[in-house]
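S.K.: Those letters in the sequence shown? Residues 1242 to 1436, by the working numbering.
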Amino acid sequence: MSKAKDASVPIRPSPARERLLRTASRLFYGEGIRGVGVDRVMAEADVARGTFYRHFDGKDDLVRAYLEATDHQIRERVTAAAQEITSPADFLLAVASGIGTEVCGPGFRGCPFINAAAEYPDSASTVHQAVLEHRAWFRDVLRDAFQRLGAADPGESADSMVALRDGAMVAGYLGDARTACAVLVRGVTHLVTVP
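1) Any contact of the region 1389–1399 with the region 1304–1317, i.e. 3+ C-beta pairs under 8 Å?
2) I'd like to know whether the C-beta atoms of Ala-1337 and Leu-1415 end up nearer to each other than 8 Å.
3) Give the DSSP-derived three-state secondary structure of Ala-1245 in the structure shown.
4) What does the Cβ neighbour count give for Tyr-1294, buried or exposed, with the cut at 16 atoms within 10 Å?
5) Return the chain-ordered list of same chain residues with a C-beta closer than 6 Å to the C-beta of Ala-1386, the five sequence neighbours on each side being excluded.
6) Leaving out five residues on either side along the sequence, give the residues of the same chain with a beta carbon under 7 Å from the beta carbon of Thr-1430.
7) By DSSP, does Ile-1315 sit in helix, in strand, or in coil?
8) Grab me the residues of Gly-1408's own chain with a C-beta within less than 8 Å of its C-beta, minus the 5 sequence neighbours each way, in chain order.
9) Going by the CB atoms, is the gap between Ile-1326 and Met-1410 shorter than 8 Å?
10) Does the region 1253–1260 come into contact with the region 1280–1290, if we say contact requires no fewer than three beta-carbon pairs (one atom in each stretch) closer than 8 Å?
11) My assumption, with CB atoms under 8 Å, is that Leu-1262 sits in contact with Val-1279. Please give the rounded CB distance.
12) Would you grab the beta carbon distance between Val-1368 and Ala-1357 for me? Rounded to a whole angstrom, and I think it's under 8 Å.
13) Under a three-way DSSP split, which group does Arg-1275 fall into?
14) Going along the chain, which unbroken runs of the beta strand (DSSP E) with 3 or more residues stay wholly within the region 1399–1424?
15) What's the call for Ala-1284, buried or exposed, on a 16-neighbour Cβ count within 10 Å?
16) Confirm, please, whether the CB-CB distance from Gly-1346 to Arg-1318 is below 8 Å.
17) Would you decide whether Leu-1373 is buried or exposed? Buried here means 16 or more other CB atoms lie within 10 Å of its CB.
18) With 16 other CB atoms within 10 Å as the buried threshold, where does Ser-1364 fall?
19) Gly-1271 and Arg-1384 - do their beta-carbons sit closer together than 8 Å?
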């Protein structure tokens, strides 16, 4: 039974598993998923093959775990912001600002989810499904905030903000990051002032 498909199987904390995930995250994000083999991940994480397969069914399972760990980190930051910021408009602007900070940060190579989807175009793959789950969650968070704001069509406003975010992620990597950030914040400002 695959760990990727059975959510009831608990993930045992393990220093080796954490090293594998940290190493995979660094390499997959920095060099691309398809360009990095599991042998290299194991070597750089200093983990034996048997230990790797004790924690992961294979490369796709490791990639899925990398995306889920990234998703978890983002969810924690967004949840913390939602708990601190009660105004939906201020929350949405804080999310945009946070994304802008990421886009302008050192070593930015685009969105890990967009990058993974480009490398795993089969929508049935566990990797692509992890991307879609993250995007659905993010859109739901935005839709809920726009609904609290009183937007005429919270779903459409959320879709617009997701598109602005995606554009900023791509433009920030391929072009001028500061311009991409400014366009994102300006677009979200417009969305929250004209609900």
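Each residue gets a CB set at the ideal place from its N, CA and C atoms; glycine is no exception.
M.R.: Taking the structure as given:
1) no
2) Along the sequence shown, one-based indexing puts residue 1337 at 96. Along the sequence shown, one-based indexing puts residue 1415 at 174. Cβ atoms of Ala-1337 and Leu-1415: not closer than 8 Å.
3) Within the sequence shown, residue 1245 is the residue found at index 4, counting from 1. Note on Ala-1245: pLDDT 46, under 50, position unreliable in the model; no value is reported.
4) The count along the sequence shown starts at 1 and reaches residue 1294 at position 53. Tyr-1294 is classed as exposed because its beta carbon has fewer than 16 other beta carbons within 10 Å across all chains shown.
5) Locating residue 1386 in the sequence shown gives position 145, where the first residue counts as 1. Cβ within range, chain order: Pro-1329, Phe-1332, Leu-1333.
6) Residue numbering aside, residue 1430 sits at position 189 when the sequence shown is read from its first letter. Answer for Thr-1430: Leu-1334, listed in chain order.
7) To locate residue 1315, count along the sequence shown from 1; it is residue 74. Here Ile-1315 sits in helix by DSSP.
8) On the sequence shown, position 167 is the one that residue 1408 refers to. If we look at Gly-1408 and ignore the five residues flanking it on each side, its Cβ neighbours are Ala-1421, Val-1424, Leu-1425.
9) Taking the first residue of the sequence shown as 1, we reach residue 1410 at position 169. Taking the first residue of the sequence shown as 1, we reach residue 1326 at position 85. No, Cβ-Cβ distance for Met-1410 and Ile-1326 is not below 8 Å.
10) yes
11) Taking the first residue of the sequence shown as 1, we reach residue 1262 at position 21. Taking the first residue of the sequence shown as 1, we reach residue 1279 at position 38. Taking a contact as a CB-CB distance under 8 Å, the pair Leu-1262 and Val-1279 does not count as one, their CB atoms being some 13 Å apart.
12) Your numbering for residue 1368 matches position 127 in the sequence shown. Your numbering for residue 1357 matches position 116 in the sequence shown. Yes, Val-1368 and Ala-1357 are in contact; Cβ-Cβ is about 6 Å, under 8 Å.
13) One-based indexing of the sequence shown puts residue 1275 at position 34. In the structure shown, Arg-1275 sits in coil (DSSP, three-state: anything other than H, G, I, E or B).
14) none
15) As a first step, residue 1284 is located in the sequence shown; it is residue number 43 there, counting from the start. Counting Cβ neighbours within 10 Å, Ala-1284 comes out exposed, since fewer than 16 surround it.
16) As a first step, residue 1318 is located in the sequence shown; it is residue number 77 there, counting from the start. As a first step, residue 1346 is located in the sequence shown; it is residue number 105 there, counting from the start. No; because the gap between Cβ atoms is not below 8 Å, this pair is not in contact.
17) Walking along the sequence shown from the start, residue 1373 turns up at place 132. With fewer than 16 Cβ atoms within 10 Å of its Cβ, Leu-1373 is classed as exposed.
18) Here residue 1364 refers to the residue found at position 123 when the sequence shown is read from its first residue. Looking at its Cβ environment, which holds fewer than 16 other Cβ atoms inside 10 Å, Ser-1364 is exposed.
19) Indexing the sequence shown from 1 puts residue 1384 at position 143. Indexing the sequence shown from 1 puts residue 1271 at position 30. Not a contact, by the Cβ cut-off of 8 Å.
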